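Have a look at the structure below, then the notes.
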Amino acid sequence: MSTKLSNAQIAWRAAQDIEDGAYVNLGIGFPEMVAKFQPPGKQAIFHTENGVLNFGEAPVEGEEDWDLINAGKKAITLRPGAAFFHHADSFGMVRGGHLDVAILGTYEVAENGDLANWSTGPRGVPAVGGAMDLVHGAKRVAVITDHVTKDGRPKLVKRCALPLTGVGCVTRVYTSLAVLDIEDERFVLREKLPTMSVAELQAVTGAELVLPDQIGDLVAPEL
Amino acid sequence: MSTKLSNAQIAWRAAQDIEDGAYVNLGIGFPEMVAKFQPPGKQAIFHTENGVLNFGEAPVEGEEDWDLINAGKKAITLRPGAAFFHHADSFGMVRGGHLDVAILGTYEVAENGDLANWSTGPRGVPAVGGAMDLVHGAKRVAVITDHVTKDGRPKLVKRCALPLTGVGCVTRVYTSLAVLDIEDERFVLREKLPTMSVAELQAVTGAELVLPDQIGDLVAPEL
Amino acid sequence: MDKTVPDLATAVAGIEDGMVVMVGGFGGSGAPIELIHALIDRFKATGSPKNLTVVNNNAGNGRIGIAAMIDAGMVGKMICSFPRSADPRAFTEKYLAGEIGLELVPQGTLAERIRAAGAGIPAFYTPASYGTDVAKGKPVAEFDGKHYVQERWLKADVAILKAELADTLGNLTYRKAARNFSPLMAAAAAKTIVQATKIVQPGEIDPEHVVTPGIFVDAIVEVSDPKQEEALMRAGVAYA
Amino acid sequence: MDKTVPDLATAVAGIEDGMVVMVGGFGGSGAPIELIHALIDRFKATGSPKNLTVVNNNAGNGRIGIAAMIDAGMVGKMICSFPRSADPRAFTEKYLAGEIGLELVPQGTLAERIRAAGAGIPAFYTPASYGTDVAKGKPVAEFDGKHYVQERWLKADVAILKAELADTLGNLTYRKAARNFSPLMAAAAAKTIVQATKIVQPGEIDPEHVVTPGIFVDAIVEVSDPKQEEALMRAGVAYA
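Set out below in structure tokens:
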């Protein structure tokens, strides 16, 4: 067994918590992988900010219709029972609390639920897209992320150092090492890799872990 | 010639000022008559608050479809090129300034453009409907009205005594005796019945008339 | 995820005492008569739901629909723009007797408040009602030299609506001007219950023609030959 | 009242220096390429319109469409949510050189500000961006214990849009996800100019299926085989 989950395995784990019939928005990039790992018999309905509900997989290469894309500007297909709508209606769905789950990537997430996933600082061209809306309104805002940065620094922190996307918005975090809920402005450990001790996990986490009586094993299939 | 215009003649006079292709909302009741008197070659497009654009005349009795009604809950028909939309979009058209003309009835209209057409006071069941929205946003808000009440009191006044529908919103008034613009919070006389002197008109008007160099004759066909 | 329910009684089973209930329709156009009457049946059988706050443009007509709810004594308050109709007796009697509450809202403001609730906009500014009695006590603000009234979103616990087509995922179309407030209410209510003239399979409504996407809909019941309120009223029908 | 105009040059003739121009589309989906290129042609021939403020979700891609407008030097400022794309060179170069302005707006706020302009709502509150750098300097307020940012409507002098069908009165449909911002922009602009793949007679679009009612549209030009921006970009096309 690996010492950490791959991105695909993190996405798989997040997918297991999505209920049948849930309305789900997956952030651009890594979170889009979640769609591939829905458990059998559970069929989520996917929303994309640019005005499509109930889209399916990418079309075969060469079969793209570039008027039918997702928020990441990738070509998509429709499932039966899809709907088109304009951008104000689409973000009404987001802000209005109609989505059951939004799953986003992140640079940092803080124990108070603050999220920083849109800007790594003042250099370059700033671009926010739909992130600042998506963090509000979904009944559950989950983050999927490696537990630490490429150079080993914690991504789960006491307070975000990078520019915020939203304040107190994240409710659950799926990482390469653990699953945590954010409750009362603290990280509550729900699952961890069975090969790792709590002390080891705490050492790579930038805020104190709350330890409930029961902590599950984080186990994902080889993918 | 009669000593005053009939309601039909007032409506006819108001209709003469509607441009070809204008988007027009006609208030419930008396203003609905305006639609009948469009000049040849000028075709307005009528809007009703409950979500229809480009409706036509009432259907033949017995042919009504009661899902196809106007704001006064009368059965209507569609013209080619009609559209349905929901109430928020419909009032977006109103408030957003997309209508060229709204023509409303009134209890009182004041020289400062204030309109009172929704309530005759605190007794009974109050009901406002779309009036408080319709007075805002149309490029031109016109009132059609008898010049005086049934018991002879002026309906054109210095300040409204009845509860207001909107503040400073009326731009033109068509009455049974005259046509007036409201400019700089004054009634400017544009046309009057040729049989009536300015002094006679002033005597039945509750605010001072501004008299430009040219005052036209208010003449309507027998209807 | 099939949202259809077997019958009207099941559809309205979750509506509880004291709830805010949005009812689709403008006059008789779009009024979900069968859902309303199923709710009256439940009240008559069980005494519940009572003390409802009902949101609708009007306040009932004749002796059917919302008027019959009022007559039955289920309604504590109306939120509407125009509590008059051809035959407004039901509301008028109770209102003048002080037995029913009224929040009067200009029609465009009513529509926009409901729309705001569905879209997660807690407050907005409108020119409508500025300077009038209806705006008394509301915050005002000036933008670009013009005055506006601040209005709040209007949410509901439940919406009961009439659609033309529904697929089993809850995507809806409406019939002509019966659309009116219903797409707004579908989004503004915590639970949206729809009677549809025909329920079809996903894919049978063109995605370009969906008016209310299924995300806003919780329960659908087929009423294949729905009654039209205005037609009932003109025929002198009383539901009692 | 036929709103059709004979050609693209006529359609864009009224766009003047310094105007705020909304451009439909989200990435390449819905981008009115032929109208944009007609505007570039006019600028190259006459030096006008210049110093435009362009409103779009993005800030151009490759060497076509809005990117080609930026390269041509017609754009003084972008108002957008995501000024990045597969190939954002045109904007990036000018932005880093301080030669073009940027107002960065969260995507849902951008949509709602445009919608508010069309609907006569001068300001509204949204949770988006509260507590972030993007909200700095904006009024905030608390409603029901939660914090919100006040945002203003966003109007334009002109909108240039791509539709699928248009009738001669200006009623529009769109194609798939190419709908995106266009119905909002149609209502928010003082003048709305549309390229439609097909122009039909009034009555040929079902009133139930109209997405943008003609009241929001001023001029329509038929472009029967419109180019798709993403396809052009992937083919490496440059408009110069």
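For the protein sequence lines, the chains are U, X, P and E, in the order given.
Following the working numbering, the numbering of the first sequence begins with 28 at its first residue and continues without gaps.
Following the working numbering, the numbering of the second sequence begins with 28 at its first residue and continues without gaps.
Following the working numbering, the numbering of the third sequence begins with 100 at its first residue and continues without gaps.
Following the working numbering, the numbering of the fourth sequence begins with 100 at its first residue and continues without gaps.
All C-beta atoms, glycine included, are put in the ideal place defined by N, C-alpha and C.
All figures in this text were calculated on a predicted structure; none of them were measured in a lab.
By DSSP, does residue i sit in helix, in strand, or in coil?
i, result
"A262(P)", "strand"
"N160(P)", "strand"
"G233(U)", "strand"
"I96(U)", "strand"
"G243(U)", "strand"
"T222(U)", "coil"
"S228(P)", "coil"
"E133(P)", "helix"
"T109(P)", "helix"
"G151(X)", "coil"
"A137(X)", "strand"
"G335(P)", "coil"
"M28(U)", "Below a pLDDT of 50, predicted positions are generally treated as unreliable, and M28(U), at 46, falls in that range; no measurement from the model is reported."
"V121(U)", "helix"
"K185(X)", "coil"
"P148(P)", "coil"
Indicate whether residue i and residue j have their beta-carbon atoms separated by less than 7 angstroms.
i, j, result
"M173(E)", "K143(E)", "no"
"D127(U)", "Y201(U)", "no"
"G159(E)", "A130(E)", "no"
"G56(U)", "S117(U)", "no"
"C187(X)", "A137(X)", "yes"
"L131(U)", "G54(U)", "yes"
"M100(P)", "D47(U)", "yes"
"H125(X)", "I314(E)", "yes"
Please report the distance separating the alpha-carbon of residue i from that of residue j.
i, j, result
"V119(P)", "D186(P)", "24 angstroms"
"I199(E)", "A154(U)", "15 angstroms"
"S281(E)", "G124(E)", "7 angstroms"
"A110(P)", "A289(P)", "14 angstroms"
"L204(X)", "A240(P)", "39 angstroms"
"A330(P)", "Q294(E)", "43 angstroms"
"A215(E)", "G207(E)", "12 angstroms"
"R167(U)", "A129(U)", "6 angstroms"
"A95(U)", "R278(E)", "The residue asked about is misnamed: residue 95(U) is Leu in this sequence, not Ala. Approximately 10 angstroms between the Cα atoms of the pair."
"L161(X)", "D305(E)", "27 angstroms"
"S180(E)", "V152(U)", "11 angstroms"
"M28(X)", "I37(X)", "Residue placement at M28(X) is flagged as unreliable, the pLDDT there being 46, under the threshold of 50; the coordinate-derived value follows with that caveat. Answer to the nearest angstrom: the Cα atoms are 15 angstroms apart."
"G269(P)", "D243(P)", "42 angstroms"
"A165(U)", "E91(U)", "30 angstroms"
"F111(U)", "A222(E)", "27 angstroms"
"V332(P)", "S228(E)", "The question names Val, but residue 332(P) in the sequence shown is Met. Between M332(P) and S228(E), the C-alpha separation is close to 50 angstroms."
"P238(P)", "P205(E)", "27 angstroms"
"L228(U)", "V246(U)", "15 angstroms"
"R183(E)", "I319(E)", "30 angstroms"
Cβ closer than 8 angstroms: which chain U residues qualify as neighbours of residue i?
i, result
"E307(P)", "F111"
List, in chain order, every chain E residue whose beta-carbon is nearer than 8 angstroms to that of residue i.
i, result
"G219(P)", "T225, P226"
"V194(U)", "Y229, G230, T231, H246"
Give me the DSSP bridge partner(s) of residue i.
i, result
"D211(X)", "DSSP lists no partner for D211(X)."
"Q300(P)", "Looking at the DSSP assignment, Q300(P) forms no beta bridge with any residue, so it has no partner."
"L53(U)", "I130(U)"
"T172(U)", "T202(U)"
"K290(P)", "V257(P)"
"R251(E)", "A222(E)"
"L268(E)", "None; L268(E) has no bridge partner."
"I165(E)", "Partner(s): none; I165(E) has no beta bridge."
"F125(P)", "S128(P)"
"H246(E)", "E241(E)"
"V153(E)", "V120(E), M177(E)"
Taking residue i as the query, report the chain P residues whose CB atoms sit under 9 angstroms from its CB, ordered along the chain.
i, result
"F242(E)", "P221, A222, R251, W252"
"Y247(E)", "I220, P221, A222"
At 9 angstroms on the CB atoms, spell out the chain U contacts of residue i, in chain order.
i, result
"A286(P)", "D116, G119, M120, G123, H125"
Using a C-beta to C-beta distance shorter than 7 angstroms, which residues of chain X count as neighbours of residue i?
i, result
"D266(E)", "G108"
By the criterion of Cβ-Cβ separation under 7 angstroms, what are the contact partners of residue i in chain U?
i, result
"A387(E)", "Residue numbering for chain E in the displayed model covers 100 to 339; residue 387(E) lies beyond these limits and cannot be assessed."
"G302(P)", "P107, G108"
Check whether chain B comes within 7 angstroms of residue i, counting only Cβ atoms and requiring the distance to be less than that.
i, result
"F315(P)", "This model lacks chain B altogether; the protein chains it does include are U, X, P and E."
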